Amino acid sequence: MRALAASVIAAGLLATAAPANAGRPGATHSGSTPSGVPGAAAAAAPGDDWLHTEGNRIVDANGDEVWLTGTNWFGFNATERVFHGLWSGNITGITRSMADRGINIVRVPVSTQLLLEWRDGRATVPHVNTHANPELAGKTSLEIFDFWLALCKQYGIKVMLDVHSAEADNSGHVYPVWWKGAITPEQSHTAWEWVAARYRQDDTLVAVDVKNEPHGRANETPRAKWDGSADQDNFKYACETAGRRILAVNPHLLVLCEGIEVYPKAGVGWTSTTPADYHSTWWGGNLRGVRDHPVDLGAHSDQLVYSPHDYGPLVHAQPWFTGDWNRTTLERDVWDPNWLYLHKENRSPLLIGEWGGFLDGGPNQKWMTALRDLVVEHRIHQTFWCLNPNSGDTGGLLLGDWKSWDEQKYALLKPALWQHGGRFVSLDHEVPLGGAGSTTGVSLREVYGDGGPGDPADTTAPTAPAGLTGTGRTPTTVSLSWTAATDNVRVTGYDVYRGTTRVNAAPVTGTAYTDTGLAPATAYSYTVRARDAAGNVSAPSAALSVTTEASGGPPGTVKVRYRNNDASTTDNAIRPGLQVVNTGSSALDLGTVSVRYYFTRDGGSPAVSAWCDHAAVGCAQVRLRVVPLATPVTGADAYLEVTFASGSLAAGRDTGDIQLRMSKTDWSAFDEADDHSRSAPTAYTDAPAIPAYTGTALAWGAPPA
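With the numbering used here applied, the sequence shown closes on residue 1067, and no number is skipped along the way.
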């Protein structure tokens, strides 16, 4: 998704790489199997740093939770076949500076073509500045990678390999699938098997990202899909196949499966070429299909991590960056339905493989801060895009001299880097981040001990939550939110107290809660406490007093906004997008609201079915029924009634996107041109032709006469 700024690349690096000496084999890594044929799986040795998953956490062999927080350094994926920046920066200095500043894992993009060249002994000697890097003189690209891997071991950094593209190409990531030209899907699998065999005894390389950003839209060929088939373009099947074959060689590697770009809405199949039939998001960011078709790694399913990508408006002005957007709308409309549900439902860990961008002092920085805060609050694993300053639409953590850091950007990232007692935490049990004698890092053993007597226990309680605020109230409910607490290891949840009574049955994993079953017109006092994995509980937050509304008190007033999700007036589906907005000064009880979309059935079967394809409030909260009119009127002989199971909408807020669809049971066509409630806007617009009621009273718009 990111373009490389070629103007930054030194001219010498753009020359064709020189072949290594004839017959010269690739460097053999200690304990590796240089043959292309995978060997048997190796058993983990005592003290190894291999990782696995438990629910939505990544843990070490002792079951202690770890947090992977790093960055990307690209170049091996490109025609240069080596890290970018070695035209001026020193590989040792750059690596040491990453460790000193808290990067505990580096995602390294490569190509399948390069891996096959390495496997077959065809590694070339790339062009690097040997005055800046005398330690790399005469080394092939594989020898440079192995040299760097040893540096990472020395400085306590772990490594993830990512196949960024099939071919070695600076723009290879633009191609949507994992095969291209002479590179076949089978070769992509055998290349990964070779990696697993070669490095299976080196726990510096702890993770593999099967393929970067599979993508493609409904009307494009080729494109990546996600379903239960064994089709060549099914990335779920490709990642599952690659993962099983990798883990048959080294069962200790974390296997990362990214998402795709589009996923069909309910009732739609992959044969549709209509873009409106699909949920669309960033390349690699759509993991909706996991709910229906999870990746199955068999006996090694505890090595699976899902890895979405997410970017801001300077990369592309996505529709969710229009209007009055913020972290709440991003989480509700984009992150939750596409990937965050996997974490919240304890299905799988997430590692956001790419996120980052320019600090513009405006929308892009607003997005980056929102996602950073989400990462910290939920302790989501992440590798920031990127270290390289020559990433055209994001910039990097380093400046153009490949030595100085962009201190403002680093300051934004720093809270999302794993820290303990003011020091950065390595994923290595023995080596502190920064290497022996580091003054900025600690090892896992220093954080958790070795499980023997005398190990230091975590006795530090989290900080007290701050900013406790009432975000909504009805006669029987109070909605609260607060600012996340911090802890020396990890905040695992929150307890909400009404007076001295804890009201949540299980720890609250987010920073919001709605208390229910209250009496009208009654004052309640609330506090919140944070807890950590060791059972330490914080001091209470400052108390907040909230009075519920009086029974029968004035509800919030309501309006409806509408977006047309289907330009055709003569196909076999009606696809309205709706938002319910509380325009009043008090909370609106959604359980009292009904919305009516008036339309004509236009011959064929009079029976019409309705579906909720997506709702920010959750389709389970949305209730639909089609009601025929006893007497047809101009523009309507029926209406779709939309109601809500429950919920409270704070003053000035809206429900977010609700995407609906209607079709006749015989799938015959509609003629929507004269429908009362239909109009043409493709962005949300006030819609008085879609009336809304609170109880039985008309609160917005007008039905057809």
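The C-beta atom is built at its ideal place from N, Cα and C for all residues, glycine as well. For clarity, every value in this text was computed on a predicted model and none was experimentally measured.
Under 9 Å, do residue 860 and residue 849 count as touching if we go by C-beta distance? no
Check whether residue 352 and residue 1046 have beta carbons under 9 Å apart: A query on residue 352 cannot be resolved here, the shown segment of the chain reaching from 363 to 1067 and no further.
What residue range is occupied by the uninterrupted alpha helix (DSSP H) comprising residue 601? 597-611
Can you give me the start and stop residues for the beta strand (DSSP E) that residue 981 sits inside? That residue, residue 981, is in no beta strand (DSSP E); it is neither H nor E in DSSP.
Would you kindly report the start and end of the unbroken alpha helix (DSSP H) that includes residue 725? 725-740
Sort out for me which residues DSSP pairs residue 1059 with in a bridge. 1056
Buried or exposed for residue 594, please, with buried defined as at least 16 other CB atoms from any protein chain shown within 10 angstroms of its CB. exposed
Which runs of the beta strand (DSSP E) at least 3 residues long sit entirely within the stretch 891-955? Give them in chain order. 906-909, 920-926 and 938-944
So, using beta-carbon positions, are residue 503 and residue 443 closer together than 9 Å? yes
Residues in the same chain with beta-carbon distance under 7 Å from residue 791, minus the five sequence neighbours each way, listed in chain order, please. Within the same chain, Cβ atoms closer than 7 Å to the Cβ of residue 791 are found at 409, 411, 805, 806 and 807, the five residues on either side in sequence being excluded.
Between the stretch 650-664 and the stretch 533-553, can you find at least three pairs of beta-carbon atoms closer than 8 Å? no
Going by the CB atoms, is the gap between residue 676 and residue 725 shorter than 9 Å? Yes; because the gap between Cβ atoms is below 9 Å, this pair is in contact.
Evaluate residue 667 with the Cβ neighbour count: other Cβ atoms within 10 Å of its Cβ, from every protein chain shown; 16 or more gives buried, anything less gives exposed. buried
Is there contact between the stretch 451-460 and the stretch 474-482, where contact requires at least three CB pairs shorter than 8 Å? Contact fails: fewer than three Cβ-Cβ distances are below 8 Å.
Residue 705, enclosing alpha helix (DSSP H) - first and last residue: 703-706
Which residue's Cα is closest to the Cα of residue 419: 965, 954, 948 and 712? 712
Mind reading off the beta-carbon distance from residue 923 to residue 1049? Whole number of angstroms is fine, and I expect it under 8 Å. 6 Å
Take every Cβ of the stretch 580-590, pair it with every Cβ of the stretch 614-624, and state whether three or more of those distances are shorter than 8 Å. yes
Residues near residue 604 by beta carbon distance below 6 Å, same chain, minus five either side: 551, 554 and 572
Same chain, Cβ closer than 8 Å to residue 639, neighbours up to 5 away in sequence not counted: 580, 626, 627 and 630
Delimiting residues of the beta strand (DSSP E) encompassing residue 845: 840-845 is the extent of the beta strand (DSSP E) around residue 845.
Residue 733 versus residue 563: straight-line alpha-carbon distance, rounded: 35 Å
Three-state class that DSSP yields for residue 550 in the structure shown: helix
Once you ignore the five residues that flank residue 1005 on each side, which residues in its own chain have a CB closer than 6 Å to its CB? Cβ neighbours of residue 1005 beyond the five flanking positions: 956 and 985.
Own chain residues within Cβ distance below 7 Å of residue 403, not counting five before or after: Residue placement at residue 403 is flagged as unreliable, the pLDDT there being 42, under the threshold of 50; the coordinate-derived value follows with that caveat. Excluding positions up to five away in sequence, the list reads 610, 611, 612 and 613.
Candidates 831, 1031, 882 and 744: which alpha carbon is nearest residue 966's? 1031
By the 10 Å Cβ neighbour count, where 16 or more other Cβ atoms means buried, how is residue 536 classified, buried or exposed? exposed
Per DSSP, what kind of secondary structure is residue 763 in: helix, strand or coil? coil
Measure the alpha-carbon distance for residue 980 versus residue 701 and round it to whole angstroms. 14 Å
Where does the unbroken beta strand (DSSP E) through residue 571 begin, and where does it stop? 567-571
Starting from residue 771, trace the alpha helix (DSSP H) in both directions and tell me its first and last residue. Annotation for residue 771: the continuous alpha helix (DSSP H) segment containing it runs 769-775.
Inter-residue spacing [alpha-carbon to alpha-carbon] between residue 686 and residue 895: If you take the alpha carbons of residue 686 and residue 895, they lie about 37 Å apart.
Mapping the DSSP letters down to three states, classify residue 700 as helix, strand or coil. helix
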